[in-house]
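In the working numbering, the protein residues as written are 1 to 316. Backbone N, C-alpha and C define an ideal beta-carbon position, used for all residues, glycine too. Quantities reported herein were computed from a predicted structural model and do not represent experimental measurements. Contents: one structure, followed by commentary.
Shown next, in the form of structure tokens:
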């Protein structure tokens, strides 16, 4: 009995040492990457599908992935913008295809996926980017709009993964990129449904990563992106924080997303220091945390928030 207990202790110590080693490596590896010569992302053997790819962040992602050699497939509901973006990519000598797909509808996702497989090939990089928001308080929210928010921002991510992941699993190769939001961690006034839908994507991404690991599919990576407010025109507001931290440039967000995908990072926060800001809520008392939020966002946040109400294509 004593020998069994000793074995268990030794095993526990070895596991602890392994965990500490992984923590240390996660701290050292970014420094090593800085010392190494950077190589441009290469997706020349990949077919990249981007939902909400006709404008905003999706459009910038399409340009960068195409510059990295990928064949681009764009899904969007805006046919005119879709045609423009595809034309711009092909004018650069890259291959691109556009499909009008409403990702709020399961049937359109399934039919669209089948068309892509038949007409273009198997998707090896899936970028879930399409999103929508309405900017209403809980009591002012419209049930149909809330349903649509979750269909596009959450369920569509699950359904596209279910459509394209089987090939990735079969070949133990692929990338799933889920565009979340910094409000995945924080419920915000008048963004409650958007925050909740993006929080669900965070949990979905974590679960997908763990299931792939348990299945031994280490060739399929998951990357979750948590950007701060992006300057795309979908959302606008002003407060104390925006005077110090202006909206992010979609080109910069796209570049960091493509690099993180290439490096198979699980999650990136943009800007990176906001990751630590999210941890503050777990240490501060509720009242102190509320006061700190008021300091940065101000009570005027609710009245200053402006949302362009239309079906978004990748404008966070």
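The C-alpha of residue 54 is placed about 47 Å away from the C-alpha of residue 15. About 19 Å separates the beta carbons of residue 103 and residue 96, which is beyond the 8 Å limit, so they are not a contact pair. Excluding its 5 nearest sequence neighbours in each direction, residue 220 has C-beta neighbours in its own chain below 8 Å: 165, 168, 169, 172, 173, 174, 175, 176, 212, listed in chain order. Rounded to the nearest whole angstrom, the CA to CA distance from residue 149 to residue 155 is 9 Å. A Cβ-Cβ contact shorter than 8 Å links residue 205 with residue 224. Annotation: residue 192 to residue 180 spans about 14 Å, alpha carbon to alpha carbon.
Annotated three-state conformation of residue 174 is strand, per DSSP.
Per DSSP, the beta-bridge partners of residue 267 are 224. When 230, 199, 64, 140 are compared, the shortest CA-CA separation from residue 40 is found for 64.
At least 8 Å separates the beta-carbon of residue 202 from that of residue 127.
Rounded to the nearest angstrom, the gap between the Cα atoms of residue 249 and residue 231 is 6 Å. Residue 72 is bridged by DSSP to 48, 96.
Residue 127 is bridged by DSSP to 50, 177. Within the same chain, 181, 183, 184, 186, 187, 188 come within 8 Å of residue 195 by CB-CB distance, once the 5 residues on both sides are set aside. Closest by C-alpha distance to residue 120, out of 73, 151, 258, 257, is 73. If you check the CB distance, residue 129 and residue 208 do not come in under 8 Å. Beta bridge pairing from DSSP links residue 230 with 248. It is roughly 53 Å from the alpha-carbon of residue 78 to the alpha-carbon of residue 17. Minimum Cα-Cα distance from residue 257 among the listed residues 125, 109, 115 corresponds to 125. Per DSSP, reduced to three states, the secondary structure at residue 20 is helical. If you check the CB distance, residue 229 and residue 270 do not come in under 8 Å. Straight across, the Cα-Cα distance linking residue 131 with residue 153 is about 5 Å.
For residue 273, there is no enclosing alpha helix (DSSP H), as DSSP marks it with neither H nor E.
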